[in-house]
Amino acid sequence: MSATRRGLGVDAGTWAVGIAAGLAAFAIVVVWFAVTTGSALAEVNPNLPRDPFDVFFGSLRGSYRWPAQSTWIVIGVVLFLIGAGLLVFKALGTLRRGRRMIDRAAVQMGRGRVIDALTETGARRTATQLGVTDWVGVPIGLTVHGRKRLYASPEDMVTTIAGPRTGKSTSLVVPAILSAPGAVITTSNKRDVLDTTRAFRAERGRVWAFDPQQVALQPPDWWWNPLSYVTNDLQAAKLAEHFASGSRSADARTDAYFDAAGQDLLAGFLLAAAVDKRPVTDVFTWTTQPGDDVPVGILRRNGYLQMADAVASQVYGEPRRRDSVYGTASQMAACLKIKSIAAWVTPQGEDGVDLRPQFDPASFVGSRDTLYSLSREGKGTAGPLVTALTAATIEAAEQLAVRSPGGRLRVPLLGVLDEAANVCRWRELPALYSHYGSRGIVLITILQSWSQGVDVWGRDGMRTLWSASNVAIYGGGVKEPEFLSELSQMIGDYERDSHTVSSGRGGQSVSRTQGHARILDIADLAALPRGRAVVIASGTPAVLVETEPWMSGPHAAAIRAALAEAQPSVGG
1 MSATRRGLGV DAGTWAVGIA AGLAAFAIVV VWFAVTTGSA LAEVNPNLPR
51 DPFDVFFGSL RGSYRWPAQS TWIVIGVVLF LIGAGLLVFK ALGTLRRGRR
101 MIDRAAVQMG RGRVIDALTE TGARRTATQL GVTDWVGVPI GLTVHGRKRL
151 YASPEDMVTT IAGPRTGKST SLVVPAILSA PGAVITTSNK RDVLDTTRAF
201 RAERGRVWAF DPQQVALQPP DWWWNPLSYV TNDLQAAKLA EHFASGSRSA
251 DARTDAYFDA AGQDLLAGFL LAAAVDKRPV TDVFTWTTQP GDDVPVGILR
301 RNGYLQMADA VASQVYGEPR RRDSVYGTAS QMAACLKIKS IAAWVTPQGE
351 DGVDLRPQFD PASFVGSRDT LYSLSREGKG TAGPLVTALT AATIEAAEQL
401 AVRSPGGRLR VPLLGVLDEA ANVCRWRELP ALYSHYGSRG IVLITILQSW
451 SQGVDVWGRD GMRTLWSASN VAIYGGGVKE PEFLSELSQM IGDYERDSHT
501 VSSGRGGQSV SRTQGHARIL DIADLAALPR GRAVVIASGT PAVLVETEPW
551 MSGPHAAAIR AALAEAQPSV GG
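To convert, note that position 418 of the sequence shown is 418 in full-length UniProt numbering; the numbers rise steadily by one, no gaps.
Following this line, the structure appears as structure tokens:
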């Protein structure tokens, strides 16, 4: 059992005795000072003893005269103490402003040398070993105990679980993007991160804002062809999986046969459209035309005989079953039927010639550009395309890393998958997480709760993702006892000393007992206030940190100026 030690001190009765004794001693000293000084000023009581107790009790008995000057001295002392107390109270209020009751737990958690790997010195040392010279890593926050700034190094993968309105964007997403040395890809269902970081990132490279649902009211002044990702039948199957997982809500009913068959049919249609150089919208059209064997012929002509047979088995299958499979595939590709979404993924010029820039993941990953992918969950979501674009870009980064010295990107790519469970439901992500860290692809996956991850990846997949994260962050706002209980166990216990005072005929006796208790229990974690986070990193104890919003960072003035020009204004 991991346990640190914390003494809880004596009980209330013992405290009361100590306070009473202190007040009595203070009163004796004040009376002694007042009588002694007042007597000297009034020239009375010439033979006062030096013992404060004699003066105090003698004054009570009337053995010594109490001059008027002594009264003024007592009043002066009281006024002085009141004024001094107010000043101290104000100073303590300023010092403790922003501090939380929970901060007392920080001393029992990771601090000092045991967290050196997370400090700027440790992160820089890791970066140097990796050949990264212009980036320390992703900023996490300040330790509550010791005020050390912590970082996730350039090889660390991060997963954050924090509820709504806990400051994820202002204190993690934006600072991470501002720190990135190379290309950045980020997903979201809000416009705040785009508005906050766009001007800053535009100084480093081109900004690509993928906004098919008009989350940030961005025009389709560039486009991406999802079929450029489909270079063979395996890639077609991957793209179909992105459509399947991205289009399915967490509470949707599934059918083992029809879901799998619909996804396979969609993969065949995607491959046929890609090899025949058709627009991706033709894929949706095919899903609405059961019995149309055009895709079968395309696949056969291009040598994909087994895929052609698989599609043909549905095209010529029993009508009722076939229609159900087609209906499933059509639901998966439903976003392609929306005209405003299609404008982002199909050529818009005459005769198929589009003069708009076309996004190329392979070129992007070697640049310092930024890709913002925006979507909303629910009916008409562009989530499948956001997932596909994200996966295509990160896989392009992996391919570049494989060709690079040491098998790593020379300049790390940062991927911030905010709202991952809502707009970027990448099924393979947990299995790929640790691998990407070794390639110089730093990913931050952000979820609102543990159960969100379970909805996307299943219980085992979510545990895989969490375990593969070199840095796991809990930012509060979660009300799931099972998750919070496990988190509490990982944070650990402390040794608790307690004292009990008992009274009897023989006087008072004090007994001391030792036990163990959670450093932070379920209730503490559920009530974790905004501005605090628990960080659990590989090889170190859990650390309590104060998060740092971008408003307190070095780029705050420039960002505020950019936000003043971006409407509507954004919040945290």
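Beta carbons are placed, not taken as given, at the ideal position from N, Cα and C, and that holds for glycine. Since the model is a prediction, treat every value here as computed from it, not as a measurement.
Beta-carbon gap between ALA333 and VAL283 smaller than 9 Å: yes
Beta-carbon contacts of GLY553 that lie in its chain and below 8 Å, excluding the five residues immediately before and after: PRO175, LEU178
Cβ separation of VAL534 and TYR494, assumed to be a contact under 8 Å, to the nearest whole Å: Not confirmed; about 15 Å, so no contact.
Buried or exposed (CB count within 10 angstroms, at least 16 for buried), THR445: buried
Opposing strand residues paired with GLY415 [DSSP bridges]: ILE185, LEU443
Close-in-space but distant-in-sequence residues of the same chain around GLY349 (CB under 7 Å, 5 per side omitted): LEU355
Per DSSP, cross-strand counterpart(s) of GLU486: Partner(s): none; GLU486 has no beta bridge.
Enclosing alpha helix (DSSP H) for TRP208 [first to last residue]: Not the alpha helix (DSSP H): TRP208 falls in the beta strand (DSSP E), residues 207–210.
MET109 classed as buried or exposed, judged by whether at least 16 other C-beta atoms fall within 10 angstroms: buried
Cβ neighbour criterion (16 or more within 10 Å) applied to ARG408: buried
Local Cβ density within 10 Å of ILE298, reported as buried at 16 or more and exposed below that: buried
Sequence-distant residues of its chain with Cβ nearer than 8 Å to TRP550 (five each side left out): THR170, SER171, VAL174, PRO175, LEU178, THR196, ALA556, ILE559
Beta bridge counterpart(s) of GLN358 as assigned by DSSP: TRP223
Sequence ranges, beta strand (DSSP E) only - wholly within the stretch 110–147, length at least 3: 138–143
Through-space distance from ASN45 to ALA27, alpha-carbon basis: 20 Å
ALA401, enclosing beta strand (DSSP E) - first and last residue: Note, ALA401: premise wrong, no beta strand (DSSP E); alpha helix (DSSP H) at 383–403.
Close beta carbons around TRP32, own chain, < 8 Å, minus the five adjacent residues each side: PRO52, VAL55, PHE56
Buried or exposed (CB count within 10 angstroms, at least 16 for buried), PHE364: buried
VAL325 beta carbon less than 9 Å from that of ALA261: yes
LYS479 versus ASN232: straight-line alpha-carbon distance, rounded: 44 Å
Within 9 Å, strictly: CB atoms of VAL416 and VAL193: yes
DSSP state of THR159 mapped onto helix, strand, coil: strand
Start-to-end residues for the alpha helix (DSSP H) that takes in TYR326: 319–332
Which of helix, strand or coil DSSP assigns to ARG459: helix
PRO541, buried or exposed, once every other Cβ within 10 Å from all chains shown has been counted against 16: buried
Contact under 9 Å by Cβ, ALA392 with GLY440: no
Option nearest GLY246 by Cα separation, candidates VAL144, LEU389, GLY437, GLY167: LEU389
Nearest to ARG201 (by Cα), restricted to the options THR370, ALA216, ALA244, ARG113: THR370
Pair within 9 Å by beta-carbon distance, ALA34 and VAL88: no
Classification of ARG191 by the beta-carbon crowding that lies within 10 angstroms, buried from 16 upward: buried
Sub-9 Å separation of SER330 and THR287 beta-carbons: yes
Contact belief for LEU443 with SER188 at Cβ below 8 Å, rounded distance in angstroms: Their Cβ separation, rounded to whole angstroms, is 15 Å, which puts LEU443 and SER188 out of contact at 8 Å.
Helix, strand or coil at LEU429 according to DSSP, with G and I counted as helix: helix
Spatial neighbours of ASP323 in its chain, beta-carbon cut-off 7 Å, leaving aside the 5 residues before and after: PRO290
Residues of its chain near VAL353, where Cβ-Cβ distance is below 8 Å and the 5 sequence neighbours each way are ignored: PRO347
Beta-ladder partner(s) of ALA537, from DSSP: VAL471
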